[in-house]
Amino acid sequence: MLLAERYQAVIDYFLEANPNPESELNFSNAYELLVAVILSAQCTDVRVNLLTPALFEAYPTAGHLAQASVEDILSYVRSCSYPNSKAKHLKGMAEQLVANFGGEVPQDHKSLTSLPGVGRKTANVVLSVMFDEPALAVDTHVFRVARRIGLTRGAKTPDETERQLTRHIPREYWSKAHHWLILHGRYICLARSPKCGECGLEAFCAKRGVE
2 MLLAERYQAV IDYFLEANPN PESELNFSNA YELLVAVILS AQCTDVRVNL
52 LTPALFEAYP TAGHLAQASV EDILSYVRSC SYPNSKAKHL KGMAEQLVAN
102 FGGEVPQDHK SLTSLPGVGR KTANVVLSVM FDEPALAVDT HVFRVARRIG
152 LTRGAKTPDE TERQLTRHIP REYWSKAHHW LILHGRYICL ARSPKCGECG
202 LEAFCAKRGV E
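Per this note's numbering, the very first residue in the sequence shown carries number 2; after that it's consecutive.
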């Protein structure tokens, strides 16, 4: 199967199986989404959704979060991975939002990635999910699934994976593709013991790394 044919087959499958994929993080505004995505690094969305209600009640805006101590923030995020680093990042992020952006989440990549704890993946998620900007964030699921089913070849980093995917996926599907690959990796194409028998992509999957 030619690479272009593989991409088209994958897109066609997901458009039929899940035409309107959405983030599984709970949020009601850009500030809450940014906080949730920072917390979700190497942590499940389920875990993040368990702790954010109390966090958002205590600190409903960036201004409130900026005034909190790292220790107080830590008490709300202790159950997620790397809580100490994330508490520091959240406070630093909130302080910069207040100081540089009037307490509002910026809508451009350069400004977002200037914030503590916000890398390319986090910025892409916020731009895509909150502001409907074409962006394709690459997390561990996207990286693994894209390689396994044969969409990427030789990509060793998230950035290279993103470049290959956005080169072949039409711009209007970038945001959907991010969710498609994450959800597929989360529920079907597992890191260990992938559920190939339940996978609608099995007929044309390259099965790289699958024994």
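A virtual CB, placed ideally from N, CA and C, is assigned to each residue, including glycine.
Confirm, please, whether the CB-CB distance from residue j to residue i is below 8 Å.
i: Asp-160; j: Arg-121; result: yes
i: Ala-156; j: Arg-148; result: yes
i: Val-36; j: Leu-91; result: yes
i: Pro-22; j: Leu-184; result: yes
i: Tyr-32; j: Thr-62; result: yes
i: Leu-225; j: Gly-104; result: The structure shown does not extend to residue 225, since the chain is modelled only from 2 through 212, so no value can be given for it.
i: Asp-46; j: Leu-66; result: no
i: Tyr-60; j: Gly-201; result: no
Can you tell me whether DSSP reads residue i as helix, strand or coil?
i: Tyr-32; result: helix
i: Glu-23; result: coil
i: Gly-198; result: helix
i: Val-119; result: coil
i: Lys-157; result: coil
i: Asp-133; result: coil
i: Thr-114; result: coil
i: His-168; result: Per the sequence presented here, residue 168 reads as Arg, with His not at that position. In this structure, Arg-168 counts as helix in the three-state DSSP scheme.
i: Thr-162; result: helix
i: Ser-41; result: coil
i: Gly-64; result: helix
i: Gly-210; result: coil
i: Gly-103; result: coil
Residue i: buried (16+ other C-beta within 10 angstroms of its C-beta) or exposed?
i: Gln-43; result: exposed
i: Met-131; result: buried
i: Tyr-188; result: exposed
i: Asp-109; result: exposed
i: Ser-176; result: buried
i: Ser-24; result: buried
i: Asn-30; result: exposed
i: Val-139; result: buried
i: Leu-152; result: buried
i: Ser-194; result: exposed
i: Asn-101; result: exposed
At which residues does the alpha helix (DSSP H) containing residue i begin and terminate?
i: Thr-53; result: 46-59
i: Tyr-83; result: That residue, Tyr-83, is in no alpha helix (DSSP H); it is neither H nor E in DSSP.
i: Asp-109; result: That residue, Asp-109, is in no alpha helix (DSSP H); it is neither H nor E in DSSP.
i: Ala-18; result: 4-18
i: Tyr-174; result: That residue, Tyr-174, is in no alpha helix (DSSP H); it is neither H nor E in DSSP.
i: Ile-74; result: 71-78
i: Arg-145; result: 141-149
Go through its chain and collect everything with a Cβ distance to residue i's Cβ below 6 Å, but skip five positions before and after it.
i: Glu-203; result: Cys-197
Which residues in the same chain have their Cβ closer than 8 Å to the Cβ of residue i, if we skip the five residues on either side of it in sequence?
i: Ile-39; result: Lys-87, His-90, Leu-91, Met-94, Gly-118, Val-119, Thr-123
I want to see whether chain C comes within less than 8 Å of residue i, judged by CB atoms only; does it?
i: Glu-161; result: Judged by its chain identifiers, the structure shown contains no chain C, having just a single protein chain.
Tell me which residues share the same chain as residue i and place their Cβ nearer than 7 Å to its Cβ, disregarding the 5 neighbours each side in the sequence.
i: Pro-84; result: Leu-75, Val-78
i: Glu-134; result: Leu-128
i: Val-146; result: Leu-182, His-185, Gly-186, Cys-190
i: Phe-205; result: Met-2, Arg-7, Ala-10
i: Arg-48; result: Ser-80, Cys-81
i: Asn-50; result: Leu-26, Asn-27
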